[in-house]
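Q: Chains as they are written, first to last, in the numbering used here: chain V, 1 to 556; chain P, 1 to 100. We treat Cβ as the ideally placed atom computed from N, Cα and C, and that holds for glycine.
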Amino acid sequence: MYKYNDFDEAFVRSRVAQFRDQVERRIEGQLTEDEFRPLRLMNGLYLQLHAYMLRVAIPYGTLNSRQMRQLAMIAEKWDKGYGHFTTRQNIQFNWPKLQDVPDILEALADVEMHALQTSGNTIRNVTADHFAGAAADEIADPRPVAELLRQWSTDHPEFQFLPRKFKIAVSGGEQDRAVTKAHDIGIRIVRNAAGEIGYQIIVGGGLGRTPMIGKVIRDFLPKEDLLPYVEAVVSVWNLLGRRDNKYKARIKITVFENGLDEFAQLTDERFEQIRAGFTGVDQEILAEIEQFFREPEYLTKSIGAFDARYATDPAFRSWVDTNLSEHKADDYAIVTISVKKHGATPGDATADQMRAMADLAEAYGHDELRISHEQNVVLPHVHKADLPAIYDALKVADLATANVGLISDIIACPGMDYCALATARSIPIAQEIAQRFDDLKLEHDIGPLKIKISGCINACGHHHVGHIGILGLDRAGVENYQITLGGDGTQDAAIGDKTGPGFAAEEITNAIERIVMAYLALRQSPAETFLDAYKRLGLEPFKAALYEEAAAHAAE
Amino acid sequence: MSRRFTPKVITANLLLDGDAVWLTADDRWSKSMLDAELIEDEAHADIRILFANGQANIVVGPYLADAKAGPNGPEPTHFREEFRTRGPSNYAHGKQVELN
Numbered sequence: 001m002y003k004y005n006d007f008d009e010a011f012v013r014s015r016v017a018q019f020r021d022q023v024e025r026r027i028e029g030q031l032t033e034d035e036f037r038p039l040r041l042m043n044g045l046y047l048q049l050h051a052y053m054l055r056v057a058i059p060y061g062t063l064n065s066r067q068m069r070q071l072a073m074i075a076e077k078w079d080k081g082y083g084h085f086t087t088r089q090n091i092q093f094n095w096p097k098l099q100d101v102p103d104i105l106e107a108l109a110d111v112e113m114h115a116l117q118t119s120g121n122t123i124r125n126v127t128a129d130h131f132a133g134a135a136a137d138e139i140a141d142p143r144p145v146a147e148l149l150r151q152w153s154t155d156h157p158e159f160q161f162l163p164r165k166f167k168i169a170v171s172g173g174e175q176d177r178a179v180t181k182a183h184d185i186g187i188r189i190v191r192n193a194a195g196e197i198g199y200q201i202i203v204g205g206g207l208g209r210t211p212m213i214g215k216v217i218r219d220f221l222p223k224e225d226l227l228p229y230v231e232a233v234v235s236v237w238n239l240l241g242r243r244d245n246k247y248k249a250r251i252k253i254t255v256f257e258n259g260l261d262e263f264a265q266l267t268d269e270r271f272e273q274i275r276a277g278f279t280g281v282d283q284e285i286l287a288e289i290e291q292f293f294r295e296p297e298y299l300t301k302s303i304g305a306f307d308a309r310y311a312t313d314p315a316f317r318s319w320v321d322t323n324l325s326e327h328k329a330d331d332y333a334i335v336t337i338s339v340k341k342h343g344a345t346p347g348d349a350t351a352d353q354m355r356a357m358a359d360l361a362e363a364y365g366h367d368e369l370r371i372s373h374e375q376n377v378v379l380p381h382v383h384k385a386d387l388p389a390i391y392d393a394l395k396v397a398d399l400a401t402a403n404v405g406l407i408s409d410i411i412a413c414p415g416m417d418y419c420a421l422a423t424a425r426s427i428p429i430a431q432e433i434a435q436r437f438d439d440l441k442l443e444h445d446i447g448p449l450k451i452k453i454s455g456c457i458n459a460c461g462h463h464h465v466g467h468i469g470i471l472g473l474d475r476a477g478v479e480n481y482q483i484t485l486g487g488d489g490t491q492d493a494a495i496g497d498k499t500g501p502g503f504a505a506e507e508i509t510n511a512i513e514r515i516v517m518a519y520l521a522l523r524q525s526p527a528e529t530f531l532d533a534y535k536r537l538g539l540e541p542f543k544a545a546l547y548e549e550a551a552a553h554a555a556e
Numbered sequence: 001m002s003r004r005f006t007p008k009v010i011t012a013n014l015l016l017d018g019d020a021v022w023l024t025a026d027d028r029w030s031k032s033m034l035d036a037e038l039i040e041d042e043a044h045a046d047i048r049i050l051f052a053n054g055q056a057n058i059v060v061g062p063y064l065a066d067a068k069a070g071p072n073g074p075e076p077t078h079f080r081e082e083f084r085t086r087g088p089s090n091y092a093h094g095k096q097v098e099l100n
């Protein structure tokens, strides 16, 4: 994985020193809150409902064991012993004290990490497919490009005061696991007819108040044009973007209001202007970065013990069948560690759990860990011979839940338990739904089903692209949950359809159960997933189950 | 005609640890809402928020929040403010354990 050079090291250290000075001046009263707020946001520090929150970037979701152990140390020393993995491959600490934050940033710098540009109107942490470098369907590893974009966007002088935040995701496989169509810019690594590798560029996607699926602005961009082209897109939006209205400031609105053709033409004009300025040095840097992302040296060993355990231990078999994905190398697998134990907070890991995962990565995983936007942790390169030992260790760490991709593998934002922007809570809803379906012992029968919950219209919980989406709102001073169905965050991205009136907190789990029971009754066979059934049947039968049954119960 | 003034408290977060606090009648910031001054007069609210805004080295973002009189002191009327009096619902963290 990428290793900081002297420049990176000096830059991150200088930013820590700057922020240390800024915090001291704020505490001494030399800076007002109005002056300090943009400075702390540039360093990922928010003030939430009960405390400060520090959002630390995990660029393209990649960590090594040393970094994971440092996150555990930070959680224990300066927080309440846990961290929260987010839907943008960040980790959030919910309880830091202002005066401790410079020391936390210093501890992050010690392991080549930072919290830069995890907030504010800048280019945010660049995310990528969490199976990067490992997935069987991959054309090329998206992380070198993501790292190039990270370096280019960090402190980019033209892009520090953008109309609004800007999010870029990169995906390298045929399957889109990085939700590229819901990003300001989505980059998909593709091959053209001649077999050359290049990029499909998607622009103007986003969730939030006005959800939009991104549009393809370039089908095939040659490799060497990536940085100047992305710079041209951001540059055109930087001038056109609506600074008069923050709800209309994102690039999705700019593309929508001006039309894709007009936006593409302006981008092309800008691209021609700036292209010559990119003398090829970016390609030299990319080539250097690529050296850090070489494939691991794969091992060859017998998988006899794995096969034997698989044949005899049903719990192990269920975990293997549910939490593993296909690896590109023979006898290797990608392990997704569920950070979604039934009834627990989605994405929260204790310091002990972080250390347990770091130990496994070091012992069995070529020292690599990934954080997925679905709030789980991934061991991307695991030899199948080591799976029994990994499973046993995960059980000890309370991390062996076999539910990846199932109904209890719920994405949930922090909601009003922590977030100052939230209009309702998300976490207790996720906890209750996961617990309900575990109690019913139905989730493996239900099969693939993604529930995504946001506690406000900003949609950090990606509810619009959930197969079942839940949006928490404040309706006349009461928490109320609106349901959408049929959303999809993959290459076939779709925004879910609203079912109708929302439900109270104590009713929402029953409502979800009615939808799921309707699916089980309506599906053609267990092979027809919830999403497939929804596409075939449409909203009506689910709506009927949702509201007519509720009315019938009320009449009883 | 302007809307009738409803009772309020002044609340904010502490600069250093970010914890929710309420302004008391004797100009302190308490971690318990029950200690807050319940403000029932709009002109008095204007004076008190001016005072709170002048406390920028102790608190961040003071604002007036709706409240009602309870047997032991002011109580919240909205769920958001209620959550601020106790902490998150997923862990026994924050005021629900620290105030006892």
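Just to confirm the assignment, what range does the beta strand (DSSP E) spanning Leu-162 (chain V) have?
A: The residue labelled residue 162 (chain V) in the question sits at position 162 within the first sequence. Counting along the chain, Leu-162 (chain V) falls outside any beta strand (DSSP E), and DSSP gives it neither H nor E.
Q: Taking buried to mean at least 16 other C-beta atoms within 10 Å of its own C-beta, is Ile-47 (chain P) buried or exposed?
A: Position 47 of the second sequence, counted from the start, is the residue given in the question as residue 47 (chain P). It is exposed - the Cβ of Ile-47 (chain P) has fewer than 16 other Cβ atoms within 10 Å.
Q: In three-state terms, what does DSSP make of His-463 (chain V)?
A: In the first sequence, residue 463 (chain V) corresponds to position 463, counting from 1. Here His-463 (chain V) sits in helix by DSSP.
Q: Tyr-4 (chain V) by DSSP, collapsed to three states: which one?
A: As a working note, residue 4 (chain V) is residue 4 in the first sequence. Note: Tyr-4 (chain V) maps to coil in three-state DSSP.
Q: Could you check if Ala-361 (chain V) is buried or exposed, using at least 16 other CB atoms within 10 Å of its CB as the buried criterion?
A: Locating residue 361 (chain V) in the first sequence gives position 361, where the first residue counts as 1. Buried: at least 16 other Cβ atoms inside 10 Å.
Q: Quick check on the burial criterion: 16 or more other C-beta atoms within 10 angstroms. Buried or exposed for Gln-67 (chain V)?
A: As a working note, residue 67 (chain V) is residue 67 in the first sequence. Buried, by the Cβ-count rule.
Q: Along the beta strand (DSSP E) that carries Ala-59 (chain V), what are the first and last residues, could you check?
A: In the first sequence, residue 59 (chain V) corresponds to position 59, counting from 1. At residue 59 (chain V) the sequence reads Pro, which differs from the Ala that was named. Segment: none, Pro-59 (chain V) is in no beta strand (DSSP E) and carries neither H nor E.
Q: Express the C-alpha separation of Lys-450 (chain V) and Leu-531 (chain V) in angstroms, rounding to a whole number.
A: Walking along the first sequence from the start, residue 531 (chain V) turns up at place 531. Walking along the first sequence from the start, residue 450 (chain V) turns up at place 450. Each residue's Cα considered, the two are about 9 Å apart.
Q: How long is the line joining the alpha carbons of Ala-109 (chain V) and Ala-311 (chain V), rounded to whole angstroms?
A: Along the first sequence, one-based indexing puts residue 109 (chain V) at 109. Along the first sequence, one-based indexing puts residue 311 (chain V) at 311. When rounded, the distance between both Cα atoms is 46 Å.
Q: Mind pulling the chain P residues with CB within less than 7 Å of His-381 (chain V)?
A: In the first sequence, residue 381 (chain V) corresponds to position 381, counting from 1. Correct list: empty, because the minimum Cβ distance to chain P is about 33 Å.
Q: If you follow the beta strand (DSSP E) that Ile-451 (chain V) is part of, which residue opens it and which one closes it?
A: Indexing the first sequence from 1 puts residue 451 (chain V) at position 451. It spans 451-454 - the beta strand (DSSP E) in which Ile-451 (chain V) sits, taken as one unbroken run.
Q: Could you give the residue range of the beta strand (DSSP E) that holds Glu-297 (chain V)?
A: Along the first sequence, one-based indexing puts residue 297 (chain V) at 297. Glu-297 (chain V) -> no beta strand (DSSP E), and no H or E assigned at all.
Q: What residue ranges within the region 324-404 of chain V form continuous beta strand (DSSP E) runs of no fewer than 3 residues, ordered along the chain?
A: You should have 324-326, 332-337, 348-350, 369-371 and 377-383.
Q: Taking the continuous alpha helix (DSSP H) assigned at Pro-144 (chain V), which residues delimit it?
A: In the first sequence, counting from the first residue as 1, residue 144 (chain V) sits at position 144. Pro-144 (chain V) -> alpha helix (DSSP H) spans 143-153.
Q: What is the rounded straight-line gap between the Cα of Ile-508 (chain V) and the Cα of Ser-408 (chain V)?
A: Residue numbering aside, residue 508 (chain V) sits at position 508 when the first sequence is read from its first letter. Residue numbering aside, residue 408 (chain V) sits at position 408 when the first sequence is read from its first letter. Whole-angstrom Cα-Cα distance: 15 Å.
Q: Cα-Cα, which of V:Lys-535, V:Asp-6 and V:Leu-546 is closest to Gly-502 (chain V)?
A: As a first step, residue 502 (chain V) is located in the first sequence; it is residue number 502 there, counting from the start. That would be V:Leu-546, whose Cα lies nearest to the Cα of Gly-502 (chain V).
Q: Buried or exposed: Thr-154 (chain V), going by 16 or more other Cβ atoms within 10 Å of its Cβ?
A: In the first sequence, residue 154 (chain V) corresponds to position 154, counting from 1. Thr-154 (chain V) is buried by the Cβ-count criterion.
Q: For Val-9 (chain P), report the span of its alpha helix (DSSP H) as first-last.
A: Here the question's residue 9 (chain P) lines up with position 9 in the second sequence. Not the alpha helix (DSSP H): Val-9 (chain P) falls in the beta strand (DSSP E), residues 8-14.
Q: So with CB distances below 7 Å, who are the chain P contacts of Thr-345 (chain V)?
A: Residue numbering aside, residue 345 (chain V) sits at position 345 when the first sequence is read from its first letter. Within 7 Å Cβ-Cβ: Asn-90.
Q: Just tell me which of V:Asp-21, V:Gln-48 and V:His-50 has its CA closest to the CA of Phe-36 (chain V).
A: Taking the first sequence and counting its residues from 1, one reaches residue 36 (chain V) at position 36. Ranking V:Asp-21, V:Gln-48 and V:His-50 by Cα distance to Phe-36 (chain V) puts V:Asp-21 first.
Q: For chain P, check one thing: does any of its Cβ atoms lie closer than 8 Å to the Cβ of Ala-75 (chain V)?
A: By one-based count along the first sequence, residue 75 (chain V) stands at place 75. By this cut-off, Ala-75 (chain V) is not an interface position.
Q: Who does Gly-73 (chain P) pair with in a DSSP beta bridge?
A: In the second sequence, counting from the first residue as 1, residue 73 (chain P) sits at position 73. Paired residues: P:Gly-70.
Q: Is it true that the CB of His-114 (chain V) sits closer than 8 Å to the CB of Val-12 (chain V)?
A: Here residue 12 (chain V) is taken as the residue at index 12 of the first sequence, counted from 1. Here residue 114 (chain V) is taken as the residue at index 114 of the first sequence, counted from 1. In contact: Val-12 (chain V) and His-114 (chain V) (Cβ atoms closer than 8 Å).
Q: Can you pull out the residues from the region 18-34 of chain P whose beta carbon lies closer than 9 Å to at least one beta carbon of chain V?
A: Hits within the stretch, in order: Gly-18, Asp-19 and Ala-20.
Q: Give the residues from the region 213-238 of chain V that approach chain P closer than 7 Å (Cβ to any Cβ), ordered along the chain.
A: Those residues of the region 213-238 of chain V that come within reach of chain P (Cβ to Cβ, closer than 7 Å) do not exist; the list is empty.
Q: Going along the chain, which residues of the region 45-56 of chain V sit with their C-beta nearer than 8 Å to a C-beta in chain P?
A: Those residues of the region 45-56 of chain V that come within reach of chain P (Cβ to Cβ, closer than 8 Å) are Leu-47, Gln-48, Leu-49, His-50, Ala-51 and Tyr-52.
Q: Identify every residue that forms a DSSP beta bridge with Ser-408 (chain V).
A: Here the question's residue 408 (chain V) lines up with position 408 in the first sequence. According to DSSP, which records beta bridges pairwise, Ser-408 (chain V) is partnered with nothing at all.
Q: By how many angstroms is the C-alpha of Ile-457 (chain V) removed from the C-alpha of Gly-347 (chain V)?
A: Your numbering for residue 347 (chain V) matches position 347 in the first sequence. Your numbering for residue 457 (chain V) matches position 457 in the first sequence. Looking at the two C-alpha atoms, the distance is approximately 20 Å.
Q: Can you give me the C-alpha to C-alpha distance between Ser-525 (chain V) and Tyr-519 (chain V), rounded to a whole angstrom?
A: For the purposes of this step, residue 525 (chain V) is identified with residue 525 of the first sequence, where counting begins at 1. For the purposes of this step, residue 519 (chain V) is identified with residue 519 of the first sequence, where counting begins at 1. Cα to Cα, the separation comes out at about 11 Å.
Q: Ignore the nearest five residues each way along the sequence and tell me which others in Pro-541 (chain V)'s own chain have a CB closer than 8 Å to its CB.
A: Counting from one through the first sequence, the residue named residue 541 (chain V) turns up at place 541. For Pro-541 (chain V), where only same-chain residues beyond five positions count, the Cβ hits under 8 Å are Ala-518 and Leu-522.
Q: Using the C-alpha atoms, what's the distance from Ile-429 (chain V) back to Phe-316 (chain V)?
A: Within the first sequence, numbered from 1, the residue matching residue 316 (chain V) stands at position 316. Within the first sequence, numbered from 1, the residue matching residue 429 (chain V) stands at position 429. The alpha-carbon atoms of Phe-316 (chain V) and Ile-429 (chain V) are separated by roughly 29 Å.
Q: So the candidates are V:Ile-512, V:Gly-81 and V:Thr-423; which of them puts its Cα closest to the Cα of Gln-435 (chain V)?
A: In the first sequence, the residue the question calls residue 435 (chain V) occupies position 435. Selected option, being the one with the closest Cα: V:Ile-512.
Q: Sort V:Asn-238, V:Val-236 and V:Gln-283 by Cα distance to Asp-225 (chain V) and report the nearest one.
A: The residue given as residue 225 (chain V) occupies position 225 in the first sequence. Nearest option by C-alpha distance: V:Gln-283.
Q: Using a Cβ-Cβ cut-off of less than 8 Å, list which residues of the region 490-519 of chain V approach chain P; keep chain order.
A: Residues: none.
Q: Could you please give me the residues that DSSP links to Gln-92 (chain V) through a beta bridge?
A: Sequence index remark: in the first sequence, residue 92 (chain V) carries index 92 (1-based). Its beta-bridge partners are V:Arg-55 and V:His-84.
Q: Straight-line CA distance for Ile-202 (chain V) to Glu-506 (chain V)?
A: For the purposes of this step, residue 202 (chain V) is identified with residue 202 of the first sequence, where counting begins at 1. For the purposes of this step, residue 506 (chain V) is identified with residue 506 of the first sequence, where counting begins at 1. Cα to Cα, the separation comes out at about 40 Å.
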